[in-house]
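Taking it in order: structure first as structure tokens, then the write-up.
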Amino acid sequence: MEPYQKVLRGRGSIGKILQMTEKLNIKRPMIVGSAHLTGMLMKKDPALLLFPVFSEYHPNPDLQDALPAVKLYRSQQCDGIISIGGGSAMDTAKAVKAILYAGNPENALEGRFPDEMDTPHIAIPGTAGTGAEATQNAVVYLGNRKISLSHPALRPDGVILDADLLDSLPVYHQKSAALDALSQGIESWWCTRATEDSRVHAFLAVLGVLDNMKSYLAGDPHAAEEMLDASFQSGKAIQMTRTTAAHAMSYQLTKTMGLAHGHACMLTLPVLWERMTATEEMQGILQDLCGKIRLGSAEMMPRLLRGILYDLEMEIPPMPSEETLNLLADSVDPQRLGNHPVKMTRDDVKEVYRRAFLPLCAAEKQACLDIWQYYNQQE
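The sequence shown maps to residues 2 to 380 in my numbering.
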């Protein structure tokens with residue numbers, strides 16, 4: 002059984018951070034987060050000004066980013082970690098914990114951890130998207146290579162879901178994070194490891210994003226709280242199942258084309274869904290989800306997803322060169338594809354990329370937008 006997470010919800014809940022540190026027996030935490038968000042946290046509780054802060058990590062953190070944080074943690078005699086921000090802050094904090102317990106980066110990379118890791122970690126998401134506060138995985142880079150550190154003890158011990166932190170996010174990041182949570186929910190639903198329990202969280206993630214995204218982006222404070230919970234549910238889902246091809250295919254899109262992670266995931270997701278509707282064993286699974294989210298036909302989902310992209314003005318980039326398509330196809334980790342419900346070869350991956358970049362004609366684009374508009378008009 003997974004360790005129980007202590008969770009605080011509601012606007013203003015970061016003001017209760019010291020209640021959670023007391024429950025987790027943290028007396029001297031190291032705070033990992035951007036200067037902006039750590040400033041917000043300390044404004045809520047000035048007592049946090051006494052504790053060391055680490056902000057020197059990259060948007061897509063490198064394992065090396067964690068080394069000075071480990072040094073700071075040790076030199077300041079800390080006994081716990083608070084991370085605040087998006088996936089980069091939380092993944093950096095998880096990497097710090099991994100290195101602290103493994104002794105060095107090499108052991109962490111090899112998964113050589115002791116049986117017990119008792120450094121508590123409180124995660125405070127600053128975006129509604131990654132769900133990293135609910136998972137045991139840290140996605141970091143080693144040079145140009147993406148790696149995943151994973152251990153049950155790397156799952157945060159405490160979580161604070163405070164929608165106040167979402168209000169100052171740039172709009173593009175709000176949109177991309179929402180698409181990330183949506184993609185995680187869909188991928189968790191269809192993946193080979195899915196269970197009845199994981200599909201509860203996947204369903205809540207998908208429905209939560211679809212029902213609240215437009216209101217959230219329009220500034221509705223209640224919708225922001227619902228989106229934050231949908232993101233948390235998506236993290237709980239992939240903690241149980243992991244992700245599939247859309248996530249595996251997204252990382253090089255981000256690196257090569259500068260697309261935010263959720264935008265990159267949603268680029269291939271409609272094509273992957275279309276491929277699976279052609280396989281008999283997947284039709285019932287896909288139709289089940291569509292029935293539960295009030296869409297009806299599984300064949301409508303790719304149009305709905307494209308309609309969301311167009312409505313958010315996160316359109317499809319121009320078709321890349323053949324050389325770039327080969328680079329994209331070669332970048333996909335075969336292990337990540339092992340969790341995808343339909344077997345894919347390297348040529349299949351390349352073809353999905355190619356189809357993802359095909360522009361829609363005006364009539365097709367309007368049909369996609371109409372489905373998304375219809376979905377949002379339902380009671």
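Every residue, glycine too, gets a C-beta built ideally from N, C-alpha and C.
No experiment lies behind these values; they were computed from the predicted model shown.
Query, Result
"For Phe55 and Ala70, which I take to be in contact (beta-carbon distance under 8 angstroms), what is that distance rounded to the nearest angstrom?", "4 angstroms"
"Tell me whether Met31 sits in a helix, a strand or coil according to DSSP, three-state version.", "strand"
"Apply the 10 Å Cβ neighbour rule to Tyr5 and answer buried if 16 or more other Cβ atoms are within range, or exposed otherwise.", "exposed"
"Assess, as a yes-or-no matter, whether the region 28 to 43 is touched by the region 191 to 201 under the definition of 3 or more beta carbon pairs within less than 8 angstroms.", "no"
"Is His223 helix, strand or coil by DSSP?", "helix"
"Taking Lys147 as part of the alpha helix (DSSP H), name the residues at either end of that continuous run.", "First-last for Lys147: 146 to 151, but that is the beta strand (DSSP E), not the alpha helix (DSSP H)."
"Tell me Glu161's beta-bridge partners as DSSP assigns them.", "Before going on, a small fix: residue 161 reads as Ile here, not Glu. Its beta-bridge partners are Leu9."
"Quick one: measure Cβ to Cβ for Thr93 and Asp119, integer angstroms, because I've assumed they're closer than 8 angstroms.", "Not quite, the Cβ-Cβ distance comes to about 20 angstroms (not below 8 angstroms), so this is no contact."
"So Pro126 packs on Ile83, CB below 8 angstroms; how close in whole Å?", "12 angstroms between Cβ atoms; not a contact."
"Only counting runs of 4 or more residues, tell me where the alpha helix (DSSP H) segments fall wholly within the region 346 to 374, in order along the chain.", "347 to 357"
"Mind checking who Asn138 pairs with in its DSSP beta bridge?", "Ser151"
"Under 7 angstroms Cβ to Cβ from Lys366, same chain only, skipping five residues before and after it: list those, please.", "Tyr311"
"Residues in its own chain within less than 7 angstroms of Pro271 by CB, not counting five upstream and five downstream?", "Pro303, Leu306, Arg307"
"Please identify the residue among Tyr102, Ala265, Ala182, Val207 whose C-alpha is closest to the C-alpha of Glu117.", "Tyr102"
"Assuming Leu58 contacts Ser89 (C-beta within less than 8 angstroms), just tell me the rounded distance between them.", "Reading off the sequence, residue 58 comes out as Tyr, not Leu. Indeed they touch by this definition, with Cβ atoms about 6 angstroms apart."
"Applying the criterion that 16 or more other CB atoms from any shown protein chain within 10 Å of the CB defines a buried residue, is Pro121 buried or exposed?", "buried"
"Bridge partners of Leu143, per DSSP?", "Arg146"
"Nearest to Ser151 by CA position, among Ile239, Glu226, Met277, Gly130, is which residue?", "Ile239"
"Comparing the C-beta of Ala363 with each C-beta of chain C, is any distance below 8 angstroms?", "This model lacks chain C altogether, as it is built from one protein chain only."
"Just to confirm, is the Cβ distance from Ala124 to Met91 under 8 angstroms?", "yes"
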